[in-house]
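Notes for the one structure printed next.
Number of protein chains: 2
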Amino acid sequence: MSKYEPSLDLCFSALGDPTRRMILQRLARGEASVSALAAGHDMALPSVMEHLKKLEAANLITSRKKGRTRICALSPEAFTPAQNWLSAQSAIWEGRLDRFDDYITTLMQEKET
Amino acid sequence: MSKYEPSLDLCFSALGDPTRRMILQRLARGEASVSALAAGHDMALPSVMEHLKKLEAANLITSRKKGRTRICALSPEAFTPAQNWLSAQSAIWEGRLDRFDDYITTLMQEKET
DNA sequence: ATGTTACTTAGGAACATGTCTAAGTATGAA
DNA sequence: TTCATACTTAGACATGTTCCTAAGTAACAT
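One line per chain: the protein sequences are A and B, in this order.
Here this note's numbering is used: position 69 in the first sequence is 69, and no number is missing along the way.
The number in this note's numbering is simply the position in the second sequence, starting from 1, with 1000 added.
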């Protein structure tokens, strides 16, 4: 069974902030500079930088310096670990329902005999 | 395009803590009492309660009182909003790649003529 | 060489989070 | 009724988070 993955802490926590989700949404459409990302976020630039730092720490984005501007990009495989964790739990849950169905079936068969 | 959903703040933030993920993992296998959930978490009961409170606030679990014990259960549809958000972003990203492919194709065609 | 642009760093205020201990309250058992 | 169990509430405390302003630094543009 899935053991403790610290990377998921960073990933899910990063996703827990609306500003950061908006940034990711923007980056899903393509690369953008820090100031492009900051535009429309009624927030000081250093605050946006903090969010970018968290997203990068969570491996959700990458960034590179091009001259004096920093270009940010979504990590292609960004969401996979989170999606995998979620579907693993769903799978366990489904399994549980199946076992419940089996149990009911067994009860009904026992009643018939 | 998906607007701001405060429920995702609670959901993803709740998922960002390892103790809470472990609790969810446990509940995916079936209901459990508070003390059953607390067992094996080297943590005082009130601390576990706090985690349960967050999970319930995020609609990831439900709980009911049975005598003096509280039974917690995973919400069946627990992960859907989070999964939907993640796949929506992936979809946008895939779309972007398609458009990039189109762009490259266009460049190559232009070069041929 | 100088000014402007685009970040970056530093430091701090306000509030949220994760944990604890100690002291309840409600139920069940004897 | 009295004791044990299973939470529950209250309060404290250290840390973490999210924002800010002010003061850098590096790369262009002129």
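Where is the CB? At the ideal position from N, CA and C, for every residue including glycine.
Quantities reported herein were computed from a predicted structural model and do not represent experimental measurements.
Is DSSP giving residue i helix, strand or coil here?
i       : result
A/A73   : strand
A/R29   : coil
B/R1020 : helix
A/G40   : coil
B/A1091 : helix
B/N1084 : helix
A/A165  : There is simply no residue 165 of chain A to check, as chain A begins at 1 and stops at 113 in what is shown.
B/A1078 : coil
A/A58   : coil
B/E1050 : helix
Are residue i and residue j closer than 8 Å when you measure CB to CB?
i       : j       : result
B/S1047 : B/T1069 : no
A/L74   : A/I61   : yes
A/K54   : A/R20   : yes
B/G1016 : A/S63   : no
B/H1051 : B/I1023 : yes
A/Q25   : B/Q1089 : yes
B/D1042 : A/P18   : no
A/L27   : B/F1079 : no
Identify, in the order they occur along the chain, each residue of the same chain with its Cβ nearer than 7 Å to the Cβ of residue i, setting aside the five sequence neighbours on each side.
i       : result
A/T113  : For A/T113, the predicted model reports a pLDDT of 39, less than 50, meaning its position is unreliable and no value from the coordinates is stated.
B/K1066 : none
A/E94   : none
Leaving out the 5 sequence neighbours to the left and right, which residues in its chain are closer than 8 Å to residue i when beta-carbon positions are compared?
i       : result
B/S1007 : A1058, N1059 and P1081
B/A1038 : L1045 and V1048
B/S1035 : L1045 and T1069
A/C11   : A58, N59, L60, P81 and A82
A/P76   : none
For residue i, return the contacting residues in chain A, with the cut-off set at a CB-CB distance below 7 Å.
i       : result
B/L1015 : F12
B/P1081 : Within 7 Å Cβ-Cβ: nothing; B/P1081 doesn't reach chain A, min ~10 Å.
B/L1074 : W93
B/L1052 : Here the premise fails: no neighbours, minimum Cβ distance about 17 Å.
B/L1086 : F79, A82 and Q83
In the DSSP output, which residue or residues are listed as bridge partners for residue i?
i       : result
B/R1064 : B/I1071
Applying a beta-carbon distance threshold of less than 8 Å, which residues of chain B neighbour residue i?
i     : result
A/D9  : G1016, D1017 and P1018
A/R64 : None at all; the shortest Cβ gap to chain B is about 18 Å.
A/R70 : Result: empty, since nearest Cβ-Cβ is about 20 Å, beyond 8 Å.
Residue i touches chain A at which residues, Cβ-Cβ below 9 Å?
i       : result
B/L1037 : Those do not exist, as B/L1037 stays about 15 Å from chain A at its closest Cβ, beyond 9 Å.
Give the residues of chain A in contact with residue i, contact being defined as C-beta atoms less than 8 Å apart.
i       : result
B/L1045 : In chain order: nothing, as chain A lies at least about 21 Å away.
B/L1024 : Q89
Below 6 Å CB to CB, which residues in the same chain sit around residue i once its five sequence neighbours on both sides are set aside?
i       : result
B/E1005 : none
B/E1031 : I1071 and A1073
Closer than 7 Å: is that where the CB of residue i sits relative to any heavy atom of the ligand COA?
i     : result
A/A38 : This structure simply doesn't include the ligand COA, nor any ligand for that matter.
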